[in-house]
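Here is the structure we will look at.
Chains as they are written, first to last, in the numbering used here: chain A, 1 to 267; chain B, 1001 to 1281.
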């Protein structure tokens, strides 16, 4: 029933009663047991550095050994289990590991990855049991002062600019961010608040997860940036399937945001 | 004679009937008007302001109808108002505290230093605001006690609203032994903050060397957390700092006392006594 070699971990699977599906999605270790009239969940996380890049799902007979499993009473005996990848519910502030600067008139496409949240659904009606983050990100504050701003998650990235260097990881969604600087002064990209809650997740046949590309243009006249979310997955991702929509409805047209709101306080 | 009495009786009856009708109308209209005002204001103002407006409209309408009723009954309103003026002076003297609280309440409503649901600290009392009334503010403390604080006290004293901003800073004061390297201590502390996921990356943790204490190098280490994570961070980070200091061999000293007998005096004579028992230390 389950195929450990299938990289698409989000494909619905059948977990017959008295069976357990052990899922390894990056650092997330999730065990889902289908019991009589109930589902049990147990999850733990390892270090991201030690995690495998591929997901593995193994179906075995028997229950969960761990005492710490949560039980969900579901009368519907349908054995279908669906794991849906979602993006985080708050913006993720991404800091490149090395400082990046964009001089006047230059344009760059950064490939930023953010960890996925797994939504567990069961039965024919796809009842939602729980959302589990594959990686618990640290909180951070993003705004001009401690009074104004918003609470975000903090993530670090290599901010790769070459697509071929991108490692494919089962638990990370890649967002291509095109940044263009039309102002006179160089634009420091020390940190960037990526509004992942307005992005969808697309899955490729090779197991890659993508979101819509985002483009930002810093105007010449002001520090206002136009944040444009393109429709659909990036062209180079190949044939993809829409796995989940945005958590928040984004405003019609482009979002206009102050650049320092997106990039921290530019000097 | 009987006719006169009948007419008088009829007139008196009609007067009383009119007065009763007016009063009844007042009783009917006042709640209606206050409800309409509440419905109109519900989306535009805070719950507390709506409640205040309701009361004002209710008592205002009732006062108008009561005055009309009294006039209908033949009372002279001028005399009544004059009497009320004298009475209000007497009542004012008698209820100074209540009046002061009432007026303080109006200022509190205007100033809006906190709202229902906020957590405030007044003196030594910290609690969640349950209601802001004309005379007092009601709090529920975290040990589940109901505390009533007069509005006058709130106007006069320092009030801290703990839930005004989404993030808070936790200030930890630490002491490390004189032998420790301050840069190393800073690195260890910053690493602890970096690994604690409740601790915000931005604003960055703050490290301040406070000075040379009696027994230790005094340090302030301040970290930021989301408001709701303040207490979990306080508990977790202190334990983590202790563990990290132990692992790094950084000593948190207890107060030391060195006895010095002075330059001119002889050293203290110390004699080792063999008590016959051998101790491990």
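Cβ atoms here follow ideal geometry from the backbone N, Cα and C, with glycine treated the same way.
Express the C-alpha separation of residue 13/A and residue 124/A in angstroms, rounding to a whole number. 12 Å
Would you call the CB atoms of residue 244/A and residue 152/A closer than 9 Å? no
Run through chain B and tell me which residues come within less than 7 Å of residue 136/A, C-beta to C-beta. Those are 1197, listed as they occur along chain B.
Delimiting residues of the alpha helix (DSSP H) encompassing residue 1048/B: Its alpha helix (DSSP H) spans residues 1047 to 1072.
Contacts around residue 15/A, its chain only, beta-carbon distance under 7 Å, and the 5 residues preceding and following it disregarded: Spatial neighbours of residue 15/A in its own chain (CB-CB distance under 7 Å, excluding positions within 5 residues in sequence) are listed in chain order as 21, 32, 34, 59, 79 and 81.
Let me know if residue 114/A comes out buried or exposed under the rule of 16 or more other beta-carbons within 10 Å of its beta-carbon. buried
Locate the beta strand (DSSP E) running through residue 1138/B, then write down its first and last residues. 1136 to 1141
Can the beta-carbon of residue 1134/B be found less than 9 Å from the beta-carbon of residue 1101/B? yes
Closer than 7 Å by beta-carbon distance: list the chain B residues that pair up with residue 172/A, in chain order. Under the 7 Å cutoff, chain B gives no residues; its nearest Cβ is about 18 Å from residue 172/A.
DSSP on residue 217/A, reduced to helix/strand/coil? DSSP places residue 217/A in strand when its eight states are reduced to three.
Check this for me: beta carbons of residue 8/A and residue 29/A, under 9 Å apart or not? no
Throw me the rounded Cβ distance for the residue 157/A and residue 1200/B pair, which I believe falls under 8 Å. Actually they do not touch by this definition, with Cβ atoms about 19 Å apart.
Interface flag, residue 150/A vs chain B, CB-CB below 9 Å: By this cut-off, residue 150/A is an interface position.
Mind listing, in chain order, the continuous alpha helix (DSSP H) runs of no fewer than 4 residues lying wholly within the segment 1181 to 1243 of chain B? 1182 to 1195
Here's the rule I'm using: 16 or more other beta-carbon atoms within 10 Å means buried, otherwise exposed. How should residue 1017/B be labelled? exposed
Cβ shell of residue 1280/B (< 6 Å), same chain only, five flanking positions each side left out: Its pLDDT being 47, under 50, residue 1280/B is placed unreliably by the model, and nothing is read from it.
Does any residue of chain B have a CB that is nearer than 9 Å to the CB of residue 113/A? Chain B contact via Cβ: absent.
So with Cβ pairs under 9 Å, would you call residue 117/A a contact of chain B? Output row for residue 117/A: interface = no.
Since residue 51/A and residue 27/A should fall inside the 8 Å C-beta cutoff, what is the C-beta to C-beta distance between them, to a whole number of angstroms? Between residue 27/A and residue 51/A the Cβ distance is about 4 Å, and since that is below 8 Å, they are a contact.
Going by beta carbon distance, what residues of the same chain come within less than 6 Å of residue 267/A, once the five residues before and after it are set aside? Interpretation of residue 267/A is limited by its pLDDT of 36, a score under 50 that renders its predicted location unreliable; no figure is taken from the coordinates.
According to DSSP, which residues form a beta bridge with residue 109/A? 178/A
Count the C-beta pairs between the segment 1059 to 1068 of chain B and the segment 1030 to 1042 of chain B that are closer than 8 Å, then say yes if the count reaches three, no if not. yes
Pair within 9 Å by beta-carbon distance, residue 160/A and residue 202/A: no
If you measure from the beta carbon of residue 157/A to each beta carbon in chain B, is any gap under 9 Å? no
Compare the Cα-Cα distances from residue 1233/B to each of 1123/B, 1170/B and 1047/B and report the closest residue. The shortest C-alpha separation from residue 1233/B is found at 1170/B.
Neighbourhood of residue 1253/B by C-beta, 6 Å cutoff - its chain only, sequence neighbours within 5 removed: 1177, 1215 and 1216
To the nearest angstrom, how far is the alpha carbon of residue 250/A from that of residue 1243/B? 45 Å
Selection from 1160/B, 1117/B and 1156/B that minimises the alpha carbon distance to residue 1140/B: 1117/B
Within-9 Å CB hit, residue 93/A to chain B: yes
From the DSSP output, in three-state form, read off residue 120/A for me. The answer is strand: DSSP assigns residue 120/A an E or B state.
Within the 9 Å Cβ cut-off, does residue 44/A reach chain B? no
Locate the beta strand (DSSP E) running through residue 303/A, then write down its first and last residues. In the structure as shown, chain A begins at 1 and stops at 267. Residue 303/A is therefore absent and cannot be evaluated.
Neighbourhood of residue 1047/B by C-beta distance below 7 Å, restricted to the same chain and skipping five residues each side: Beyond the five residues adjoining it in sequence on each side, residue 1047/B comes within less than 7 Å, by CB distance, of 1116 in the same chain, given in chain order.
In chain order, what residues of the segment 190 to 212 of chain A put their CB closer than 9 Å to some CB of chain B? Taking 9 Å as the Cβ-Cβ cut-off, the segment 190 to 212 of chain A approaches chain B at 191, given in chain order.
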